[in-house]
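Residues in the first sequence are numbered from 70 upward in steps of one, following the working numbering. We put the CB at the ideal spot given by N, CA and C, even for glycine. Data block below; observations after.
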Amino acid sequence: MPELPEVESIKNLLSTGGPDWPPLVGKTIAAAQVLWQRTLATPTPKQFSRQVVGQAIKTIERRGKFLTLVLSRDTLLIHLRMSGDLQMEPKMRPIAPHHRLFLELDNGWRLALNDPRKFGRVWLTDQPNTVLGKLGPEPLDDAFTPEALYQRLQARHRQLKPLLMDQSFLAGLGNIYTDEALHLACLHPLTLSNQLTLEQTERLWASLRAILQEGIRLNGASIDWVYRGGEFQNYFRVYQRTGEACPTCGTPIQRTTVGQRGTHFCPTCQPAPT
DNA sequence: CACGAGACCTGTTCGC
DNA sequence: TGCGAACAGGTCTCGT
């Protein structure tokens with residue numbers, strides 16, 4: 070499900086609390102349970118409970134699509150993958166069918182990872198860099214400049230869309246925001262990375278940041294039954310708009326497959342590379 | 001190195 | 001109505 074803007078929205082929601090639930094930061098973990106073993110990447114479920122209980126949640130951060138809960142001693146890393154969601158609920162509520170792991174807090178609330186497809190993963194470690202270390206730059210960081218992007222693009226010989234979705238190239242983009250950014254930048258998803266001019270790179274850089282910022286401002290995108298509260302789905306330019314008019318030129322949006330992912334683009338605004 | 005296919009999973013939607 | 005196929009916001013591993 071979630072890409073950078075959705076994870077950022079969940080982070081904000083959890084750290085400040087919402088209308089119906091208290092903030093997570095400052096609470097202490099009183100109990101933990103793993104309901105689907107493979108959800109836990111490390112350590113073993115038994116170790117996990119023993120190790121996590123008693124630790125306080127100091128801060129919540131985001132790196133790429135990872136949520137990082139900084140605890141008293143360790144770091145809890147959460148990746149929601151395709152269908153994961155985090156929910157705060159009273160600890161007396163019955164365990165929902167798709168809950169895979171939960172933490173009980175010392176205030177009567179429970180943080181649950183709900184994940185129908187079971188792809189989500191959780192790590193408890195005192196060395197978060199072993200998991201996060203391979204990630205590429207944060208697209209919204211000051212350090213991520215058009216020149217930095219140009220250098221990275223030129224160093225590779227790859228199709229633009231799969232490269233942008235490669236988390237070691239750039240952290241946080243997924244299928245939606247990549248399609249949206251490429252459309253805004255007027256670049257075809259199959260363009261080869263080292264064929265971009267500096268000017269095209271600047272346009273791509275600005276588009277990536279604009280689309281991600283818009284996504285965050287709208288609290289992410291809510292599609293289907295997974296993750297609620299976002300509004301960005303109402304502003305998609307091309308994603309899931311096959312056959313509809315391009316917002317720029319009116320040409321029907323086309324859908325194709327690139328790197329085994331559904332890909333949406335405007336054949337007029339985003340001409341195929343030669 | 002670059003790329004495609006298959007795996008991991010369940011649920012929804014589409015076409016016949 | 002029923003049923004199988006296709007598809008879904010992600011990532012890993014393997015083979016070419």
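Option nearest residue i by Cα separation, candidates the options
i      : options                        : result
Asn198 : Tyr308, Asp143, Arg324         : Asp143
Val200 : Asp184, Ile147, Glu216         : Ile147
Leu109 : Leu93, Asp184, Trp178, Arg132  : Asp184
Gly243 : Ala217, Asp211, Gly284, Lys160 : Gly284
Ala99  : Asn176, Thr137, Ile322         : Asn176
Asp89  : Leu239, Cys255, Ser141, Pro159 : Pro159
Thr337 : Asn303, Asn263, Glu313, Cys255 : Cys255
Pro316 : Glu249, Met161, Pro112, Ala341 : Glu249
Ala127 : Val139, Leu218, Phe117, Gln116 : Residue identity differs from the one stated: residue 127 is Lys in this sequence, not Ala. It is Val139.
Ala341 : Gly123, Leu204, Glu271, Leu259 : Leu259
Thr97  : Arg286, Ala212, Ser141, His226 : Ser141
Leu83  : Asp154, Asp211, Ile164         : Asp154
Terminal residues of the alpha helix (DSSP H) in which residue i lies
i      : result
Gly284 : 267 to 286
Asp235 : Run containing Asp235: none; DSSP gives neither H nor E here.
Arg190 : Element bounds for Arg190: not the alpha helix (DSSP H) but the beta strand (DSSP E), 190 to 194.
Asp248 : 244 to 253
Thr199 : 198 to 201
Arg221 : 215 to 223
CB contact flag (residue i, residue j, <8 Å)
i      : j      : result
Gly299 : Glu75  : yes
Gly331 : Gln228 : no
Phe334 : Leu251 : yes
Arg150 : Pro208 : no
Arg186 : Ser152 : yes
Ala125 : Leu172 : no
Leu261 : Leu273 : no
Gly133 : Gly241 : yes
His257 : Gln323 : no
Leu239 : His168 : no
Counted within 10 angstroms of its Cβ, other Cβ atoms place residue i as buried (16 or more) or exposed
i      : result
Gly202 : exposed
Pro166 : exposed
Leu267 : exposed
Ala290 : buried
Arg179 : buried
Arg190 : buried
Arg306 : buried
Lys80  : buried
Met234 : buried
Ile245 : buried
Glu216 : exposed
Asp293 : exposed
Asn263 : exposed
Thr343 : exposed
Ala212 : exposed
Pro321 : exposed
Extent of the continuous beta strand (DSSP E) run through residue i
i      : result
Asn183 : 178 to 183
Glu158 : 154 to 159
Val327 : 323 to 327
Phe334 : 330 to 334
Leu256 : Where Leu256 is concerned, there is no enclosing beta strand (DSSP E), given that its DSSP letter is neither H nor E.
Leu174 : 168 to 174
Thr144 : 144 to 148
Residue i Cβ short of 7 Å to the ligand GDP heavy atom set
i      : result
Gln196 : This structure simply doesn't include the ligand GDP, nor any ligand for that matter.
Scan the segment 72 to 141 and note each continuous alpha helix (DSSP H) run of 4 residues or more that stays entirely inside, going in chain order.
Those alpha helix (DSSP H) runs which fall completely within the segment 72 to 141 and span 4+ residues are 73 to 85, 114 to 121.
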